[in-house]
Amino acid sequence: MHTLLNKLGSSQKQLLDHLGCTWVSVLLGLLGFNPFGHKNQIKEAEGGILFVDEAYRLIPMQKSDDKDYGLEALEEIMSVMDNGKVVVIFAGYTEPMKRVITSNEGFRRRVTKFFTFDDFITEDLAKILHMKMKNQTEGSLLYGFKLHPSCTVKTVANLIETEITEKQRKEMNGGLVDPLLGNARENLDLRLNFDCIDIDELVTITFEDLRSGIMLFSR
Numbered sequence: 012m013h014t015l016l017n018k019l020g021s022s023q024k025q026l027l028d029h030l031g032c033t034w035v036s037v038l039l040g041l042l043g044f045n046p047f048g049h050k051n052q053i054k055e056a057e058g059g060i061l062f063v064d065e066a067y068r069l070i071p072m073q074k075s076d077d078k079d080y081g082l083e084a085l086e087e088i089m090s091v092m093d094n095g096k097v098v099v100i101f102a103g104y105t106e107p108m109k110r111v112i113t114s115n116e117g118f119r120r121r122v123t124k125f126f127t128f129d130d131f132i133t134e135d136l137a138k139i140l141h142m143k144m145k146n147q148t149e150g151s152l153l154y155g156f157k158l159h160p161s162c163t164v165k166t167v168a169n170l171i172e173t174e175i176t177e178k179q180r181k182e183m184n185g186g187l188v189d190p191l192l193g194n195a196r197e198n199l200d201l202r203l204n205f206d207c208i209d210i211d212e213l214v215t216i217t218f219e220d221l222r223s224g225i226m227l228f229s230r
């Protein structure tokens, strides 16, 4: 998204900077628990993009008598949107985001562009799974692990199609990939013998591991 905006000339910078944050970091900054604070995050994003993921969590589903820090954080972000120094992207699921849009009169006035993305099809999810396995960072749960050759995009897509209900796929969408891989890794650990010394076997997630992983989180 930030690459597209850069091509459209939304920033004076040759390369549009992208600063991502979550609803949690925004709230922690507001409450003073973040050493940098959300205001500094906004300042840092000037000339580029502030990407707020899961923005709908800033607005609670039910009103309470307590101080609404989420709404306060949202208003703080909106206060810097008018000067044009920051491009803000609020991301989240369609229905919960409607709650954010209607929560503040100034929000709809400032946020004028809406993009709705279709849910991932099973082939997309299988491709995401492969990409995550190929791009593991050091220190991550799956760093150094690999998929068995039998776990092709086609076979994984078919597994997701047959073993995960449409309702589950719609609710989790791309979010199902991480728990699936985590559970598959857990299954690999459980099925290996303690005396196993085959390095390749120790780090290879099989098709059956993926199947067992799906069974764990779809119960």
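Residue numbers (the working numbering): 12 to 230.
Note that CB positions come from ideal geometry on N, CA and C, so glycine has one too.
Secondary structure note for I100: its beta strand (DSSP E) is the uninterrupted segment V98 to F101.
In this structure, V164 sits near A137, with a CB-CB distance shorter than 8 angstroms.
In the structure shown, the three-state DSSP call for L170 is helix.
The DSSP-derived three-state label of F205 is coil.
Only exposed fits D211, as fewer than 16 other CB atoms lie within 10 angstroms of its CB. In its chain, beyond the 5 residues on either side, no residue has a beta carbon closer than 6 angstroms to the beta carbon of L203.
Secondary structure of T127 (DSSP, three-state): coil. Shown here for Q147: same chain residues with a beta carbon closer than 6 angstroms to its own, the five before and five after excluded, namely L153 and Y154 in chain order. Between K157 and M144, the CB-CB gap stays under 8 angstroms.
Contact check for I100 and V63: beta-carbon distance about 7 angstroms, within the 8 angstroms limit, so the pair qualifies. In the three-state scheme derived from DSSP, where H, G and I count as helix and E and B as strand, T215 is classed as strand. Of the residues E106, N94, M89 and L201, the one whose Cα lies closest to the Cα of G224 is L201.
In the same chain as M108, and ignoring 5 residues on each side of it, the C-beta atoms closer than 6 angstroms to its own belong to Y67, in chain order.
When P160, D209 and D189 are compared, the shortest CA-CA separation from L227 is found for D189. Around the CB of N198, 16 or more other CB atoms lie within 10 Å, so the residue is classed as buried.
When the Cα atoms are used, T127 and M183 turn out to be separated by approximately 16 angstroms.
In the structure shown, L61 falls within a strand segment according to DSSP collapsed to helix, strand and coil. Looking at the backbone, the Cα of M92 and that of T105 are separated by about 22 angstroms.
According to the DSSP assignment, Q179 belongs to the alpha helix (DSSP H) that extends over E177 to M183.
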